[in-house]
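Read in order, the letters of the sequence shown are residues 1 to 604 in UniProt numbering. For every residue, glycine included, the Cβ atom is placed at its ideal position computed from N, Cα and C.
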Amino acid sequence: MTETQDNSSAAVLEFINYPLPKSFEIPYKSPPPPANPVVRGLPLHYGASLISSLSFVQTYLWNNANFNALRGLTQLDDVENRYDPTVTPVRDPNAGAPASHTRINSIRAPPLDAIGRFYSISDFHDAFKTGKLTPSAVVEALLPLIRRDVKSPTKHSVAFLDTKVDIVRRAAETATQRYKDGAPLGILDGVPMAIKDEMDLKGYKRCNGSKLDFTNKLDVTSWCVSKLEEEGAIILGKLNMHEFGMDTTNNNPIHGTPLNPYNEHYYTGGSSGGAGYAVGMGIIPFAIGTDGGGSIRIPASYCGVFGLKPSHGRVSTSPSLSVANTTVVLGPLASNMADLEISYRVLATPDPHNPASALFAPPRAYTGERKKVLGVYKTWFDRADPPVRAVCQKALDHFTTELGYEIVDITLPMIHEGQMAHAMTILAEVAASHPDVTGLTAPNKVLITVGGKTPSVDFLLAQKLRNLIMRHLAYLFRKHPGLIIVTPTTPNPGWHIKGGKSDLKYGVSDGNMSVRSMEYVWMANFTGVPCISFPVGYVDPVEGKDKIPIGLMGNGEWGSEDALIEFGYDGESWLNSGLEGGRKKPKGWVDVLDLGKNWKGAEA
1 MTETQDNSSA AVLEFINYPL PKSFEIPYKS PPPPANPVVR GLPLHYGASL
51 ISSLSFVQTY LWNNANFNAL RGLTQLDDVE NRYDPTVTPV RDPNAGAPAS
101 HTRINSIRAP PLDAIGRFYS ISDFHDAFKT GKLTPSAVVE ALLPLIRRDV
151 KSPTKHSVAF LDTKVDIVRR AAETATQRYK DGAPLGILDG VPMAIKDEMD
201 LKGYKRCNGS KLDFTNKLDV TSWCVSKLEE EGAIILGKLN MHEFGMDTTN
251 NNPIHGTPLN PYNEHYYTGG SSGGAGYAVG MGIIPFAIGT DGGGSIRIPA
301 SYCGVFGLKP SHGRVSTSPS LSVANTTVVL GPLASNMADL EISYRVLATP
351 DPHNPASALF APPRAYTGER KKVLGVYKTW FDRADPPVRA VCQKALDHFT
401 TELGYEIVDI TLPMIHEGQM AHAMTILAEV AASHPDVTGL TAPNKVLITV
451 GGKTPSVDFL LAQKLRNLIM RHLAYLFRKH PGLIIVTPTT PNPGWHIKGG
501 KSDLKYGVSD GNMSVRSMEY VWMANFTGVP CISFPVGYVD PVEGKDKIPI
551 GLMGNGEWGS EDALIEFGYD GESWLNSGLE GGRKKPKGWV DVLDLGKNWK
601 GAEA
């Protein structure tokens with residue numbers, strides 16, 4: 001359907017496919033205790049082959065995961081199926097083209113005196129423009145840290161799957177020459193970054209974190225990545241990911257597992273774990289990930305950085321679509337809000353060859369007044385572990401007492417059934433695209449074969465529930481204009497590596513923890529709304545001495561990325577204020593600009 005709305009941030013005329021707003025006030029029902037078997041080490045290694053060959057065991061595990069929870073729900077009787085969560089805001093065609101997002105003069109980088117300040121894109125640009133550094137010097141300083149194809153790789157190299165040294169050096173030399181000529185392309189020119197292996201990049205293979213080869217036969221670069229290249233960004237290569245993006249740890253027995261920058265007894269989170277590590281450790285100011293079930297926001301939270309999951313369809317996935325194309329989107333992880341904003345706006349350039357992306361107008365900086373309204377479903381919010389809940393509540397108190405936000409109580413229908421519906425949908429989509437699990441890791445053999453047991457009736461019920469929740473969200477967004485629904489990013493303070501080296505070698509199948517870590521993130525993927533995560537504090541670990549980061553998350557109305565970005569800047573100001581000790585850097589944080597200045601070939 002088409003829905004008209006007033007919005008002061010831009011001349012929004014209407015939405016395409018906006019859900020019909022309707023409130024579904026369904027009493028909250030606690031989920032049953034999770035009962036998925038936890039298998040790790042050699043039992044998982046050998047058991048996975050057995051499970052993937054026995055249909056009756058797969059069916060048992062499917063039912064045991066509670067995927068049959070939608071059967072008999074009378075609330076779904078009169079709800080239509082909805083398969084596509086894309087809701088498109090169409091803007092005034094007479095509004096004119098926006099200025100280049102990489103040539104603006106008001107980059108809102110963190111204050112130079114901010115506690116725990118990470119370098120920003122503008123720091124690199126200023127160093128290049130003044131001649132203090134060159135893109136080539138930065139690249140040469142970074143290559144020894146990230147390359148796998150050397151005799152003694154560093155601990156950082158596990159975050160990268162491949163780096164084509166010749167391609168990277170040529171890009172750096174070209175950018176260096178542009179600065180020497182006084183003609184940089186913009187603020188991104190010469191800035192190092194990297195992309196998750198799930199995207200296409202000319203000259204590179206794409207394996208989706210596996211042993212398999214899914215390289216595009218045309219050897220082309222994904223549309224959104226090419227937009228960054230056109231701005232002069234230097235892509236250092238492909239980043240590590242959880243195989244097929246099928247869990248939230250980034251445990252990858254095939255290519256190695258990057259460990260959490262803040263505490264090596266914890267995972268980075270996944271599936272964009274290589275991106276979370278590289279940004280969290282300071283190696284690059286931003287990276288591009290994908291998010292089908294929190295795969296940008298969970299590593300952003302675990303690694304203490306910023307992540308944005310755009311509206312479904314906003315960022316083009318061309319030329320290769322994800323295997324789970326009704327839940328997965330592409331988006332940035334960044335060290336600060338300025339970098340998140342810049343990278344998102346370039347990524348979101350409408351792609352005329354992609355049906356969804358082409359309908360979106362180019363993103364614009366938010367210029368209008370916005371209503372500062374935060375929605376909290378207290379029953380859901382309070383399911384977070386006490387340390388997480390306490391940190392997030394302090395941030396919310398800051399928003400209301402210092403920044404003028406209002407908190408409204410809301411309800412959301414069938415949130416636990418919704419999470420199961422999302423998981424069922426994404427697993428079924430992956431199983432349909434990759435029914436042959438030969439060559440995959442043990443955990444994915446189990447997940448995909450179990451997902452393949454989803455009956456059509458249950459899949460259709462899941463799409464009914466998708467529509468029900470989308471309609472309720474539409475009702476909330478109409479009732480409370482400007483509403484941002486807030487939760488912790490994850491209810492758990494990181495994911496501790498319980499099985500140690502054995503888990504890293506063989507993988508782990510812990511469906512209970514996977515479900516727990518995705519308690520809040522699934523909704524944005526299933527309903528297509530945009531969602532932002534930013535760090536708000538740190539808590540004590542269960543192992544090791546170094547505290548681990550906690551993230552707060554905001555879900556906005558379809559197409560409301562501009563407002564979410566402003567919310568993110570307010571969130572960034574919370575840690576930059578120095579309250580609660582301010583932002584923290586991991587102990588091994590890489591000072592890239594200092595490395596570049598001290599590189600032996602650097603120019604004086």
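Classify G601: buried if its beta carbon has 16 or more other beta carbons within 10 angstroms, exposed otherwise. To locate residue 601, count along the sequence shown from 1; it is residue 601. Burial call: exposed.
Local Cβ density within 10 Å of D77, reported as buried at 16 or more and exposed below that: In the sequence shown, residue 77 corresponds to position 77, counting from 1. Counting other Cβ atoms within 10 Å of its Cβ, D77 stays below 16 and is therefore classed as exposed.
Closest to S456 by CA distance: which of P27, F15, I51, R71 is it? Position 456 of the sequence shown, counting from 1, holds the residue named residue 456. Selected option, being the one with the closest Cα: R71.
Given a cut-off of 8 Å, decide if V408 and H480 are closer than it, judged by their beta-carbon atoms. Walking along the sequence shown from the start, residue 480 turns up at place 480. Walking along the sequence shown from the start, residue 408 turns up at place 408. Yes, the Cβ-Cβ distance between H480 and V408 is below 8 Å.
CA-CA distance, N250 and T86? As a working note, residue 250 is residue 250 in the sequence shown. As a working note, residue 86 is residue 86 in the sequence shown. C-alpha separation (whole angstroms): 27 Å.
Evaluate Y344 with the Cβ neighbour count: other Cβ atoms within 10 Å of its Cβ, from every protein chain shown; 16 or more gives buried, anything less gives exposed. By 1-based counting over the sequence shown, the position of residue 344 is 344. Here Y344 is buried, its C-beta having at least 16 other C-beta atoms within 10 Å.
In chain order, which beta strand (DSSP E) runs of at least 3 residues are fully inside the region 367-417? Complete beta strand (DSSP E) runs here, min 3: 373-376, 406-409.
Does the region 210-222 come into contact with the region 303-314, if we say contact requires no fewer than three beta-carbon pairs (one atom in each stretch) closer than 8 Å? By the Cβ test, the region 210-222 is not in contact with the region 303-314, since fewer than three Cβ pairs between them sit closer than 8 Å.
Are the CB atoms of M199 and L330 within a distance shorter than 8 Å? In the sequence shown, counting from the first residue as 1, residue 330 sits at position 330. In the sequence shown, counting from the first residue as 1, residue 199 sits at position 199. The beta carbons of L330 and M199 sit closer together than 8 Å.
Rounded straight-line distance, which links the Cα of T349 to that of N325: Residue numbering aside, residue 325 sits at position 325 when the sequence shown is read from its first letter. Residue numbering aside, residue 349 sits at position 349 when the sequence shown is read from its first letter. Looking at the two C-alpha atoms, the distance is approximately 19 Å.
DSSP three-state call for T487: helix, strand or coil? Working through the sequence shown from its first residue, we reach residue 487 at position 487. Shown here, T487 sits in a strand according to DSSP, grouped into three states.
For A10, is the classification buried or exposed, using 16 other Cβ atoms within 10 angstroms of its Cβ as the cut-off for buried? For the purposes of this step, residue 10 is taken as the residue at position 10 of the sequence shown. Reliability fails at A10, whose pLDDT of 40 lies under 50, so the model's placement of it is uncertain and the value that follows must be treated cautiously. Buried, by the Cβ-count rule.
So, under 8 Å CB-CB, G256 and V158 are touching, yes? Tell me the CB distance rounded to an integer number of Å. Against the sequence shown, residue 256 aligns to sequence position 256. Against the sequence shown, residue 158 aligns to sequence position 158. Contact check for G256 and V158: beta-carbon distance about 4 Å, within the 8 Å limit, so the pair qualifies.
Over the uninterrupted alpha helix (DSSP H) stretch that includes residue 610, give me the two end residues. Given that the chain is displayed from residue 1 to residue 604, the structure contains no residue 610 and the question cannot be resolved.
Stretch pair the region 43-58 + the region 115-134: three plus CB contacts closer than 8 Å: Flag = no, the region 43-58 and the region 115-134 do not touch.
Of the listed residues L461, G588, I107, nearest to Y569 (C-alpha basis): By one-based count along the sequence shown, residue 569 stands at place 569. Answer by Cα proximity: I107.
Quick one, are the C-beta atoms of Y266 and W495 less than 8 Å apart? The residue labelled residue 266 in the question sits at position 266 within the sequence shown. The residue labelled residue 495 in the question sits at position 495 within the sequence shown. Between Y266 and W495, the C-beta gap is smaller than 8 Å, which places the two residues in contact.
Suppose you measure from the CA of K155 to the CA of Y405; what does that come to, to the nearest Å? Residue numbering aside, residue 155 sits at position 155 when the sequence shown is read from its first letter. Residue numbering aside, residue 405 sits at position 405 when the sequence shown is read from its first letter. In a straight line, the C-alpha of K155 is about 42 Å away from that of Y405.
Of the choices G313, P110, G507, P299, whose alpha-carbon is the least far from that of V446? Here residue 446 refers to the residue found at position 446 when the sequence shown is read from its first residue. Here the closest residue by C-alpha is G507.
Express the C-alpha separation of L236 and G276 in angstroms, rounding to a whole number. The count along the sequence shown starts at 1 and reaches residue 276 at position 276. The count along the sequence shown starts at 1 and reaches residue 236 at position 236. Using only the alpha carbons, I get a separation of about 15 Å.
Going by beta carbon distance, what residues of the same chain come within less than 6 Å of N354, once the five residues before and after it are set aside? Translated into the one-based positions of the sequence shown, residue 354 becomes position 354. So the list reads S316, S318, once near-sequence residues are dropped.
Measuring alpha carbon to alpha carbon, tell me which of R147, L142, L133, T425 ends up nearest T176. The residue given as residue 176 occupies position 176 in the sequence shown. The shortest C-alpha separation from T176 is found at L133.
Taking DSSP as the reference, what is the three-state secondary structure of R40? Working through the sequence shown from its first residue, we reach residue 40 at position 40. In the structure shown, R40 sits in a strand (DSSP, three-state: E or B).
Would you kindly work out how many angstroms separate the C-alpha atoms of D247 and P443, rounded to a whole number? Here residue 247 refers to the residue found at position 247 when the sequence shown is read from its first residue. Here residue 443 refers to the residue found at position 443 when the sequence shown is read from its first residue. Rounded to whole angstroms, D247 to P443 spans 9 Å at the Cα level.
Exposed unless 16 or more other CB atoms sit within 10 angstroms - verdict on Y520: If you number the sequence shown from 1, residue 520 lands on position 520. Buried is the call here.
If you run the structure through DSSP and keep just helix, strand and coil, what is V515? Stepping through the sequence shown from its first residue, residue 515 is reached at position 515. Correct three-state label for V515: helix.
Which residues in the same chain as E572 place their Cβ atom closer than 8 Å to its Cβ, once the five residues preceding and following it in sequence are excluded? Working through the sequence shown from its first residue, we reach residue 572 at position 572. Cβ neighbours of E572 beyond the five flanking positions: P110, F306, N336, M337, F534.
Three-pair Cβ contact test at 8 Å for the region 510-518 versus the region 542-549: No, the region 510-518 is not in contact with the region 542-549.
Taking the alpha-carbon of G482 as reference, which of E369, G439, K587, K453 has the nearest alpha-carbon? Walking along the sequence shown from the start, residue 482 turns up at place 482. Ranking E369, G439, K587, K453 by Cα distance to G482 puts E369 first.
Identify every residue that forms a DSSP beta bridge with E198. Here the question's residue 198 lines up with position 198 in the sequence shown. Partner residues in a beta bridge of E198, as assigned by DSSP, do not exist.
C-alpha gap between L427 and A114, whole angstroms: The residue given as residue 427 occupies position 427 in the sequence shown. The residue given as residue 114 occupies position 114 in the sequence shown. In a straight line, the C-alpha of L427 is about 43 Å away from that of A114.
Skipping 5 residues on each side, what residues in its chain have a beta carbon closer than 8 Å to that of F459? Position 459 of the sequence shown, counted from the start, is the residue given in the question as residue 459. Closer than 8 Å at Cβ, skipping near neighbours: M424, T425, A428.
Would you tell me roughly how many angstroms separate the C-alpha atoms of P435 and S320, rounded to the nearest one? Translated into positions along the sequence shown, residue 435 becomes position 435. Translated into positions along the sequence shown, residue 320 becomes position 320. Roughly 18 Å between the two C-alpha positions.
Suppose the cutoff is 6 Å on Cβ atoms and the five residues either side in sequence are ignored; what does the same chain contact list for P363 look like? Position 363 of the sequence shown, counted from the first residue, corresponds to residue 363. For P363, where only same-chain residues beyond five positions count, the Cβ hits under 6 Å are R345, A348.
Distance between K498 and N598 (C-alpha atoms, nearest Å): Indexing the sequence shown from 1 puts residue 598 at position 598. Indexing the sequence shown from 1 puts residue 498 at position 498. Straight-line spacing of the CA atoms in N598 and K498 works out to 39 Å.
Cβ contact check for the region 18-36 and the region 462-475: 3 or more pairs under 8 Å: Flag = yes, the region 18-36 and the region 462-475 touch.
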